[in-house]
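Asker: First the structure, then my questions, so here it is.
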Amino acid sequence: MRLGVLTGGGDCPGLNAVIRAVVRKAKRHYGDEVLGFHDGYRGLLENDFELLDVNRLQHTLPLGGTILGTSRVNPFKLTDGVATVLETVKANELDGLIAIGGEGTLSCSHALFERGLKVVGVPKTIDNDIGATERTFGFDTAVSIATEAIDRLRTTAESHNRIMVVEVMGRHVGHIATWAGLAGGATRTLIPEEPFDIAEVCESLARRHEGGRYASVVVVAEGAKPVEGSMEIPVETFDDFGHVRLGGISYHIAAEIEKRTGYETRVTVLGHVQRGGTPTAFDRVLSTRFGIAAIDAVHDENWGDMVALVNDRIVVVPLADAVADLKHVSPELWDTARQFFA
Ligand code: F6P
19 MRLGVLTGGG DCPGLNAVIR AVVRKAKRHY GDEVLGFHDG YRGLLENDFE LLDVNRLQHT
79 LPLGGTILGT SRVNPFKLTD GVATVLETVK ANELDGLIAI GGEGTLSCSH ALFERGLKVV
139 GVPKTIDNDI GATERTFGFD TAVSIATEAI DRLRTTAESH NRIMVVEVMG RHVGHIATWA
199 GLAGGATRTL IPEEPFDIAE VCESLARRHE GGRYASVVVV AEGAKPVEGS MEIPVETFDD
259 FGHVRLGGIS YHIAAEIEKR TGYETRVTVL GHVQRGGTPT AFDRVLSTRF GIAAIDAVHD
319 ENWGDMVALV NDRIVVVPLA DAVADLKHVS PELWDTARQF FA
């Protein structure tokens, strides 16, 4: 077979491990040609690719980012974008495509599948918000980084009797915030799924400090939402996939906390630190399993499907199911997290 592979959307640790696994089995087991398209769908729009072999992927298992580059270019937003993608596939005599991406790239791949593209999806995102899979790779690494940050912030918070507000990624879901908050023993965690009342948050923090506790760490998902009308939040902007661009809500929350409690409050926005660098062992293994399953799915002609983790086994599910709904923090996990709030 002659295959294309691309990585789209925000990068995350483990992308190279997926590409490595795809190329390894494609070349050594199936004898395929693999074309690596650059910068997500931009590579297909501009016919920009490199031929991939096992040597090119040497030493990439622990490497963060993606050797293919990535972008949020969406062919559906461009005049003739879809036709151009389909023409590139035809001109290169591709038998199929593996698209490694998050919700935006997978939705776009599903829509292209409905227009004739033979595609298999691989779910990536540190946000862990893709439906139909228990886990996306990159999430475990992001949680580890955020947890380490919380641990470090706690000791400086204790020295200064301060409240630390730490903002983590998570546009529409609070998986990173909830997991890192639990792992780091957060005083309070704010997530998009559970609108917060700033007055109640501040009252509980003040009570805690009056009771003789000297430090608090509040973990905020970047997409956390105040109860309507209770607090002003930053103005939103949007990317090519129509996704909201966030980052900075914690400054507003910290200002309110300091004003209402009188305790010194500091902000740390972890931002892209959570997406960079080497993947954890868990993410390396999950990425590798996804990559092997993806090349097998291509040879089984599971077009329009995505590889997924279900009950700790790798399976294929329809892309349509994966992109239908975002996966939110479960009520059970949230209830566990709440037991430790101030
Ligand atoms: O989708 C993954 C993600 O890391 C989100 O958590 C975050 O809101 C967004 O990407 C940031 O995107 P960008 O890299 O374009 O700033």
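In our numbering, each residue carries its 1-based index in the sequence shown increased by 18.
All C-beta atoms, glycine included, are put in the ideal place defined by N, C-alpha and C.
Under 7 Å from any heavy atom of the ligand F6P, does the C-beta of R206 make it?
Answerer: Taking the sequence shown and counting its residues from 1, one reaches residue 206 at position 188. No; taking the cut-off as 7 Å, the Cβ of R206 has no heavy atom of the ligand F6P nearer than that.
Asker: Report yes if the C-beta of F67 is less than 7 Å from at least one heavy atom of the ligand COA; otherwise report no.
Answerer: Ligands in the displayed structure: the ligand F6P; the ligand COA is not one of them.
Asker: Below 8 Å CB to CB, which residues in the same chain sit around P93 once its five sequence neighbours on both sides are set aside?
Answerer: Position 75 of the sequence shown, counting from 1, holds the residue named residue 93. The beta carbon of P93 lies closer than 8 Å to those of Y59, L62, L63, G99, V100, T102, V103, C126 and L130 in the same chain, with the five residues before and after it left out.
Asker: So, using beta-carbon positions, are I116 and V91 closer together than 8 Å?
Answerer: Residue numbering aside, residue 116 sits at position 98 when the sequence shown is read from its first letter. Residue numbering aside, residue 91 sits at position 73 when the sequence shown is read from its first letter. Not in contact: I116 and V91 (Cβ atoms no closer than 8 Å).
Asker: Check whether the Cβ atoms of G83 and F67 sit closer than 8 Å, and answer yes or no.
Answerer: Numbered from 1 along the sequence shown, position 65 holds the residue referred to as residue 83. Numbered from 1 along the sequence shown, position 49 holds the residue referred to as residue 67. No, these two residues do not count as a Cβ contact at 8 Å.
Asker: Under 7 Å Cβ to Cβ from A44, same chain only, skipping five residues before and after it: list those, please.
Answerer: Translated into positions along the sequence shown, residue 44 becomes position 26. The residues are L21, D50, V52 and I313.
Asker: Just the Cα atoms here: how many angstroms apart are A164 and T296?
Answerer: Within the sequence shown, the letter at position 146 stands for residue 164. Within the sequence shown, the letter at position 278 stands for residue 296. Between A164 and T296, the C-alpha separation is close to 14 Å.
Asker: Looking at the secondary structure, which residues open and close the alpha helix (DSSP H) in which A117 lies?
Answerer: One-based indexing of the sequence shown puts residue 117 at position 99. Unbroken run through A117 is the beta strand (DSSP E), G114 to G119; no alpha helix (DSSP H).
Asker: Assuming S162 and T298 are in contact, meaning their beta carbons sit under 8 Å apart, how far apart are those beta carbons, in whole angstroms?
Answerer: Walking along the sequence shown from the start, residue 162 turns up at place 144. Walking along the sequence shown from the start, residue 298 turns up at place 280. That pair is a contact at about 6 Å.
Asker: Looking at L304 and T196, is the spacing between their C-beta atoms short of 8 Å?
Answerer: Numbered from its first residue, the sequence shown carries residue 196 at position 178. Numbered from its first residue, the sequence shown carries residue 304 at position 286. Going by C-beta atoms, T196 is not nearer than 8 Å to L304.
Asker: For the ligand F6P, any of its heavy atoms closer than 7 Å to the Cβ of T365?
Answerer: Lying outside 19 to 360, the shown extent of the chain, residue 365 is not represented and no answer is given.
Asker: Residues in the same chain with beta-carbon distance under 6 Å from A224, minus the five sequence neighbours each way, listed in chain order, please.
Answerer: Reading the sequence shown from its first residue, position 206 is the one you call residue 224. Closer than 6 Å at Cβ, skipping near neighbours: T279.
Asker: Check this for me: beta carbons of G309 and A39, under 8 Å apart or not?
Answerer: Residue 309 sits at position 291 when you count from the first residue of the sequence shown. Residue 39 sits at position 21 when you count from the first residue of the sequence shown. For G309 and A39, yes; Cβs fall inside 8 Å.
Asker: Please classify F214 as buried or exposed, where buried requires at least 16 neighbouring CB atoms within 10 angstroms.
Answerer: What you label residue 214 is simply residue 196 of the sequence shown in a count that begins at 1. Burial state of F214 is buried, judged by a 10 Å Cβ sphere holding 16 or more other Cβ atoms.
Asker: With DSSP as the reference, label E276 as helix, strand or coil.
Answerer: Residue mapping note: residue 276 aligns to position 258 of the sequence shown, counting from 1. Three-state result, E276: helix.
Asker: Examine the ligand F6P and report whether any of its heavy atoms sits within less than 7 Å of the Cβ of H290.
Answerer: On the sequence shown, residue 290 is found 272 positions in, with the first residue counted as 1. Under cutoff, so the answer is yes.
Asker: What number of angstroms, rounded off, separates the C-alpha of A109 from the C-alpha of G26?
Answerer: Along the sequence shown, one-based indexing puts residue 109 at 91. Along the sequence shown, one-based indexing puts residue 26 at 8. In a straight line, the C-alpha of A109 is about 21 Å away from that of G26.
Asker: Under the three-state reduction of DSSP, which class applies to I251: helix, strand or coil?
Answerer: Taking the sequence shown and counting its residues from 1, the one referred to as residue 251 is at position 233. Residue state, collapsed to three classes: coil.
Asker: With distances taken Cα to Cα, identify the nearest neighbour of V107 among V23, I144, M182 and A150.
Answerer: Sequence index remark: in the sequence shown, residue 107 carries index 89 (1-based). Per the Cα distances, V23.
Asker: Please classify K80 as buried or exposed, where buried requires at least 16 other C-beta atoms within 10 Å of its C-beta.
Answerer: Against the sequence shown, residue 80 aligns to sequence position 62. Per the sequence shown, the amino acid found at residue 80 is Pro instead of Lys. Per the 10 Å Cβ criterion, exposed.
Asker: Reducing DSSP to helix, strand and coil, say where L264 ends up.
Answerer: The residue given as residue 264 occupies position 246 in the sequence shown. Three-state DSSP puts L264 in coil, outside helix and strand.
Asker: Using a Cβ-Cβ cutoff of less than 8 Å, which residues in the same chain neighbour G32 once the five nearest sequence positions on both sides are dropped?
Answerer: One-based indexing of the sequence shown puts residue 32 at position 14. Once the five neighbours on either side are set aside, the close Cβ partners of G32 are K142, F155, G156, T159, P297, D301, R302, L304 and S305.
Asker: Quick one: does the C-beta of K189 sit closer than 7 Å to a heavy atom of the ligand F6P?
Answerer: The residue labelled residue 189 in the question sits at position 171 within the sequence shown. In the sequence as presented, Lys is not what sits at residue 189; that position holds Arg. Indeed, a heavy atom of the ligand F6P lies less than 7 Å from the Cβ.
Asker: Less than 8 Å between the beta carbons of R293 and G120, yes or no?
Answerer: Working through the sequence shown from its first residue, we reach residue 293 at position 275. Working through the sequence shown from its first residue, we reach residue 120 at position 102. No.
Asker: Since A326 sits in a beta bridge, which residues does DSSP pair it with?
Answerer: Locating residue 326 in the sequence shown gives position 308, where the first residue counts as 1. For A326, which the question treats as bridged, DSSP gives the partners V333.
Asker: Assuming contact is defined by CB atoms lying nearer than 8 Å, are V285 and Y269 in contact in what I supplied?
Answerer: Locating residue 285 in the sequence shown gives position 267, counting from the first residue. Locating residue 269 in the sequence shown gives position 251, counting from the first residue. Cβ distance < 8 Å, so V285 and Y269 count as in contact.
Asker: Where DSSP assigns a beta bridge to F67, which residues make up the other side?
Answerer: As a first step, residue 67 is located in the sequence shown; it is residue number 49 there, counting from the start. F55, per the DSSP bridge assignment.
Asker: Buried or exposed: where does F259 fall if 16 or more other Cβ atoms within 10 Å of its Cβ makes it buried?
Answerer: Here residue 259 is taken as the residue at index 241 of the sequence shown, counted from 1. Under this definition F259 is a buried residue.
Asker: Of all the options G87, N146, V41 and E105, which has the alpha carbon lying nearest to the alpha carbon of L344?
Answerer: Taking the sequence shown and counting its residues from 1, the one referred to as residue 344 is at position 326. Minimum Cα distance to L344 is reached at N146.
Asker: When the Cα atoms are used, what is the spatial distance from H283 to E274?
Answerer: Locating residue 283 in the sequence shown gives position 265, where the first residue counts as 1. Locating residue 274 in the sequence shown gives position 256, where the first residue counts as 1. Looking at the sequence itself, residue 283 is Thr, so the reference to His does not match. Approximately 9 Å between the Cα atoms of the pair.
Asker: Under the three-state reduction of DSSP, which class applies to P213: helix, strand or coil?
Answerer: Translated into the one-based positions of the sequence shown, residue 213 becomes position 195. For P213, the three-state secondary structure derived from DSSP is coil.
Asker: List in chain order: all unbroken beta strand (DSSP E) runs of 3+ residues lying wholly within the stretch 158 to 219.
Answerer: As far as the stretch 158 to 219 is concerned, its whole beta strand (DSSP E) runs of at least 3 residues are 181 to 186 and 206 to 208.
Asker: Quick check on this structure: which residue in L96, H193 and R74 has the alpha carbon closest to the alpha carbon of I144?
Answerer: As a working note, residue 144 is residue 126 in the sequence shown. Of L96, H193 and R74, the residue nearest in Cα terms is H193.
Asker: Mind checking whether the beta-carbon of L264 lies closer than 7 Å to any heavy atom of the ligand F6P?
Answerer: Reading the sequence shown from its first residue, position 246 is the one you call residue 264. L264 Cβ: within cutoff of the ligand F6P.
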